[in-house]
Amino acid sequence: EEGPKGVALCAAGQGVRWTTTWLAWLAFGFLVGWHWLVIFLLVAQTRADRKAALLHFTSYLLALFLTAGGGAYVRSGNAVSCGNVVGDMGRDCLWDLQGTAYQVVYTLHYIGLAWLALSWVYDGVQLPGWLMQSQKGELLRVCYSSHHPLAARWYSIVLCVGLLLLTLTWTVFVDWTTNGGLAVLAAALIVDIVAVGLLSCGCFHFARKLKHPCVGSSDVSPSSVSTSTP
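Count along the sequence shown starting at 1, add 337, and that's the number in my numbering.
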């Protein structure tokens, strides 16, 4: 009797873990990253993974601060008129007419928003892998790979590369305005997110098979990350 009961309790625990993690991701996870707290409490198996979860949760809070603070500033009447009838903001107006302080705050505002969006999407794609790895008592790994732990630098590198590309897209590559001119920009940003995610994960999976790995000459193995538990 104890055997079936133990299996049932284990299955129930796994169900709670999966449900709680996904609910946290869906319920304003985009803004505050609640799912990282759930990962810290219920999913992470090692001290290194729990530390990584707290760091990613903190990054959400910092990005939220940039987004909210920057949004309040740019809407408080600090902008110079763009000189058009509808008064819409655009790339040319931002760089040609606005003051340096406004440009900096406006850019930081959208850097924060880009980090939130990018992190939320990439986290969601990887949640099944992290939950399955946790279920097996393994280190959490990036992109369902076998040699790139979450606790190492790889996931942060992917996020930073994605953030850089998103920022360059709206500040340099694509002309846009807030008055009906955002469709092309939105499409370009979506392509950026998908492209960085696919290329990064592909790089992780095939790096060990290449003579010149695109992530460096040596991979990080789970043994190089602390597996100590409290």
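Yeah, the Cβ is synthetic: ideal placement off N, Cα and C, and Gly gets one too. Here the structure is a predicted model, which is why all the values come from computation and not from measurement.
Keeping to the same chain, check which residues put their C-beta closer than 8 Å to that of residue i; ignore five residues upstream and five downstream.
i      : result
Val411 : Tyr439, Val442, Tyr443 and His446
Please go through the same chain and pick out, in chain order, the residues whose beta-carbon is closer than 7 Å to the beta-carbon of residue i, but skip the five residues on each side of it.
i      : result
Leu455 : Leu496, Gly499, Leu500, Leu503 and Ile530
Glu339 : Low local confidence applies: a pLDDT of 46 at Glu339 is under 50, so the model's placement there is unreliable, and no value is given.
Leu519 : Trp513
If you draw a straight line from the C-alpha of residue i to the C-alpha of residue j, how long is it?
i      : j      : result
Gly517 : Gly427 : 11 Å
Pro465 : Ser483 : 15 Å
Leu431 : Leu379 : 45 Å
Gly436 : Ala416 : 8 Å
Leu360 : Leu468 : 13 Å
Cys419 : Val462 : 40 Å
Pro486 : Ala381 : 12 Å
Ser471 : Thr383 : 10 Å
Trp355 : Val479 : 18 Å
Ala400 : Gln351 : 31 Å
Phe367 : His542 : 27 Å
Leu505 : Ala451 : 11 Å
Phe394 : Ala385 : 14 Å
Gly407 : Val528 : 25 Å
Trp507 : Leu522 : 7 Å
So, with DSSP's three-state summary, where would you put residue i?
i      : result
Thr383 : coil
Gly539 : helix
Gly575 : Since the first residue of the chain shown is 338 and the last is 567, residue 575 is not available in this structure.
Arg354 : helix
Glu339 : Residue placement at Glu339 is poorly supported in this model, since its pLDDT is 46, which falls under 50; the coordinates still yield a value, given next. In the structure shown, Glu339 sits in a helix (DSSP, three-state: H, G or I).
Could you pull the start and end residues of the alpha helix (DSSP H) that residue i belongs to?
i      : result
Asp512 : It is not in any alpha helix (DSSP H) - Asp512 carries neither H nor E in the DSSP assignment.
Gln440 : Thr437 to Gln472
Thr506 : Premise fails: Thr506 is in no alpha helix (DSSP H) and is neither H nor E.
Val375 : Trp371 to Val375
Is residue i close to chain B, meaning its C-beta is less than 8 Å from at least one C-beta of that chain?
i      : result
Tyr459 : Given the protein chain composition of this structure (a single chain), no chain B is represented.
Leaving out five residues on either side along the sequence, give the residues of the same chain with a beta carbon under 6 Å from the beta carbon of residue i.
i      : result
Leu403 : Leu445 and Gly449
Ala390 : Trp373, Ile376, Phe377 and Ala381
- [ ] Determine, using beta-carbon pairs with one atom in the region 354-374 and one in the region 476-495, whether at least three such pairs fall under 8 Å.
- [x] no
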